[in-house]
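For the sequence shown, our numbering assigns the number 9 to the initial residue and increments by one for each residue that follows.
Yeah, the Cβ is synthetic: ideal placement off N, Cα and C, and Gly gets one too.
Take a look at the structure below.
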Amino acid sequence: MSLNGIIFGSSQLVNPLYLKDLGLNSAIIGFLLTGQMLIGSMLSITLSIFGDAYGRKKFAILSRAISITGLFILFLGIPFGILMSTLMGGGGLIGALMAEKSRDLDKNLSIAYSSSTFLSILGALLPIFISLRYIILINLFIVTLAAILLLFVKEEYKGMGKIDIRLKSINKVAKLSVGSFIGLGAGLILPIMSLWFYLRFNVSAQQMSPVFAISDASLAITTLFSPKLSKIFGRVKAIVYTHILGIILLILLPLVNSYYLATLIFVLRNTAMNMTGPLFSSFILNLIPKEERARGQSLINLIDSIPRSFGPSIGGYLFYLGRLDIPFFITSCLYSIATLGFYLFFKDVR
Numbered sequence: 009m010s011l012n013g014i015i016f017g018s019s020q021l022v023n024p025l026y027l028k029d030l031g032l033n034s035a036i037i038g039f040l041l042t043g044q045m046l047i048g049s050m051l052s053i054t055l056s057i058f059g060d061a062y063g064r065k066k067f068a069i070l071s072r073a074i075s076i077t078g079l080f081i082l083f084l085g086i087p088f089g090i091l092m093s094t095l096m097g098g099g100g101l102i103g104a105l106m107a108e109k110s111r112d113l114d115k116n117l118s119i120a121y122s123s124s125t126f127l128s129i130l131g132a133l134l135p136i137f138i139s140l141r142y143i144i145l146i147n148l149f150i151v152t153l154a155a156i157l158l159l160f161v162k163e164e165y166k167g168m169g170k171i172d173i174r175l176k177s178i179n180k181v182a183k184l185s186v187g188s189f190i191g192l193g194a195g196l197i198l199p200i201m202s203l204w205f206y207l208r209f210n211v212s213a214q215q216m217s218p219v220f221a222i223s224d225a226s227l228a229i230t231t232l233f234s235p236k237l238s239k240i241f242g243r244v245k246a247i248v249y250t251h252i253l254g255i256i257l258l259i260l261l262p263l264v265n266s267y268y269l270a271t272l273i274f275v276l277r278n279t280a281m282n283m284t285g286p287l288f289s290s291f292i293l294n295l296i297p298k299e300e301r302a303r304g305q306s307l308i309n310l311i312d313s314i315p316r317s318f319g320p321s322i323g324g325y326l327f328y329l330g331r332l333d334i335p336f337f338i339t340s341c342l343y344s345i346a347t348l349g350f351y352l353f354f355k356d357v358r
């Protein structure tokens with residue numbers, strides 16, 4: 009899981025700009041990123057169904073093999089490779105494998121998230137030294153290494169022996185579908201955030217690279233304190249409070265005219281909005297029975313990813329029209345709805 013941090017750190021900066029270097033406009037880039045997330049979410053839930061039935065490790069490895077193929081095609085300069093390069097995280101399969109090994113899930117997920125985010129700093133710094141195309145090649149090697157390392161993981165869970173798409177925890181999963189508003193909102197801007205900085209302030213990947221690295225470093229450090237927030241406020245309130253702060257900062261971001269002030273707000277917003285990510289993952293895994301964890305988490309990811317996948321198309325088209333502010337305001341409204349809904353549904357859950 010942690011190795012993927014290098015890929016996530018580089019991809020959020022590199023992929024939109026690499027596609028632009030291949031001659032695509034903002035609207036087409038948005039459509040391709042939409043396809044990437046939509047295909048990835050559908051494959052993720054499919055592999056998770058098989059993982060719950062027959063064991064998760066082999067299908068987590070398969071997900072990485074698909075990503076390896078996509079990254080190789082993308083390295084060759086074929087934009088459509090991006091459509092296959094979305095499963096390096098393994099969907100709910102890796103989360104289920106971790107839950108099997110963990111006694112203190114909050115703590116272990118916080119360490120895993122923090123380690124991954126620290127490594128994403130390295131990924132975010134790569135454009136300073138290496139061309140965008142060869143960063144794609146580096147990511148390919150990292151996914152390959154992650155797949156090899158998975159071979160050495162001992163899995164105790166052997167599966168139910170049959171495919172079952174039913175979920176006893178479906179009512180809980182349905183309530184968590186309020187997160188689809190966050191998915192759509194995040195999709196509007198986050199996959200094309202580097203493109204927004206380029207269009208708004210005319211800065212290069214090399215100039216943006218330290219900003220994304222600092223953002224990842226800040227998140228990596230604060231993530232370690234999320235279990236402490238959980239003990240003080242409880243999981244639900246800790247998530248809600250940090251999200252409210254992130255929403256306020258998101259509204260401010262498109263209103264500033266200074267690149268340096270915008271980068272400061274960007275770093276603070278990313279930290280506030282995502283530092284309780286381990287708490288949310290732990291919250292989900294504790295709600296869902298062991299034999300349903302891969303399917304349940306992947307279904308929640310699917311509910312988030314389908315609206316998220318359409319976000320880049322909408323955001324990219326608005327950028328193409330020169331409306332660089334509207335996606336931020338739409339996202340703020342959607343985040344607010346999701347945060348309020350999450351609190352109302354789960355405020356009494358401990």
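Contact set for residue i: own chain, Cβ-Cβ below 7 Å, skip 5 residues either direction
i: I314; result: L46, S49
i: A132; result: G17, S18, L21, S217, F220, A221, D224
i: T77; result: M92
i: R316; result: M45, G191, L192, A194, G195
i: L232; result: S118, S122
Residue i - containing alpha helix (DSSP H), residue span
i: I146; result: 140 to 158
i: P235; result: 234 to 241
i: T54; result: 34 to 62
i: M281; result: 267 to 282
i: T230; result: 213 to 231
i: T77; result: 65 to 83
i: D29; result: 12 to 29
Own chain, CB closer than 6 Å to residue i, minus 5 neighbours either side, in chain order
i: K180; result: L295
i: V22; result: L140, I143
i: K236; result: none
i: I81; result: G89
i: F83; result: I144, L145
i: K183; result: F353
i: G43; result: L91
CB-CB length for residue i against residue j, believed under 8 Å
i: A2; j: P135; result: Past the boundaries of the shown model lies residue 2; the chain is included only from 9 to 358, so the question cannot be answered.
i: I273; j: L253; result: The pair is not a contact, with the Cβ atoms about 12 Å apart (cut-off 8 Å).
i: L117; j: S56; result: Contact flag wrong, Cβ pair sits at about 18 Å.
Inter-residue spacing [alpha-carbon to alpha-carbon] between residue i and residue j
i: A154; j: P335; result: 35 Å
i: P24; j: S202; result: 7 Å
i: I156; j: Y121; result: 21 Å
i: R72; j: G193; result: 27 Å
i: F291; j: G31; result: 43 Å
i: L158; j: S266; result: 45 Å
i: K245; j: T152; result: 39 Å
i: K170; j: F67; result: 15 Å
i: K239; j: T125; result: 22 Å
Close-in-space but distant-in-sequence residues of the same chain around residue i (CB under 8 Å, 5 per side omitted)
i: I200; result: P24, S34, I37, G38, L41, P320, G323, G324, F327
*Contact between the stretch 12 to 26 and the stretch 142 to 154: three or more CB pairs below 8 Å?*
Contact holds: three or more Cβ-Cβ distances are below 8 Å.
*Contact between the stretch 59 to 72 and the stretch 335 to 352 (3+ Cβ pairs under 8 Å)*: Short answer: they don't touch.
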